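Colleague:
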Amino acid sequence: MGYVCPVCGVGTIDGVQLANHLAVTASLGREDHREWLERHVPDWRACRPPELAERVREHAEEVETPAGGEDPPRFEDALAERSRGVGRGSLAADEDELDAVLAEARELTRRMCDGDETV
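Note that our numbering numbers the sequence shown so that position 58 is 513, with each residue one more than the last.
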């Protein structure tokens with residue numbers, strides 16, 4: 456079951472991706488996501504993704520996820536698309552830095568999915 460971000464409406468494929476979306480977007484300076492997390496999960500910065508997922512899912516709308524051979528949408532791609540839009544200020548100012556942040560996020564996500572406990 457997928458979830459819709461309660462702040463911006465972006466779709467995610469599961470609770471962990473929703474938690475990652477909220478936390479990374481807040482960490483990149485989106486005040487609306489940070490304020491929502493601080494209101495609903497005050498200790499969100501200390502939560503690991505599965506724990507944060509448990510706590511944010513209850514506030515999100517559930518949606519069906521794509522079935523079949525389709526690859527699910529990637530959180531990093533949705534973030535990159537949103538960050539390069541008009542009116543994104545500092546997020547769109549330095550694409551090299553943004554690309555580096557997204558590459559690091561992809562690597563951390565890959566390591567987490569592989570069970571790396573050091574992440």
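Ideal placement from N, C-alpha and C gives every residue a C-beta, glycine not left out. Since the model is a prediction, treat every value here as computed from it, not as a measurement.
Cβ atoms of valine 479 and alanine 560: under 8 Å apart, would you say?
Modeller: Yes, these two residues count as a Cβ contact at 8 Å.
Colleague: Please state whether DSSP places valine 518 in a helix, a strand or coil.
Modeller: The answer is strand: DSSP assigns valine 518 an E or B state.
Colleague: Under the assumption that valine 459 contacts alanine 508 (Cβ atoms under 8 Å), give the Cβ distance between them as a whole number of angstroms.
Modeller: Contact doesn't hold; Cβ gap of about 14 Å is too wide.
Colleague: Contact check, glycine 466 vs glutamate 519 under 8 Å by CB: the rounded distance?
Modeller: Rounded, the Cβ-Cβ distance is 10 Å, inconsistent with contact.
Colleague: Answer with buried or exposed for arginine 485, where buried requires no fewer than 16 other C-beta atoms within 10 angstroms of its C-beta.
Modeller: Buried is the call here.
Colleague: Are proline 504 and valine 462 close, meaning C-beta to C-beta below 8 Å?
Modeller: It is not a contact, given that the beta carbons lie outside the stated cut-off.
Colleague: Within 10 angstroms of its Cβ, does threonine 573 collect 16 or more other Cβ (buried), or is it exposed?
Modeller: Result: exposed.
Colleague: On the premise that leucine 492 lies in contact with leucine 477, defined as a C-beta separation below 8 Å, what is that separation, rounded to the nearest angstrom?
Modeller: That belief holds up - the Cβ atoms of leucine 477 and leucine 492 are roughly 6 Å apart, short of 8 Å.
Colleague: CA-CA distance, leucine 557 and aspartate 551?
Modeller: Those two C-alpha atoms are separated by around 10 Å.
Colleague: What is the DSSP secondary structure of threonine 443, reduced to helix, strand or coil?
Modeller: With the chain running from 456 to 574 in the structure shown, residue 443 is simply not present.
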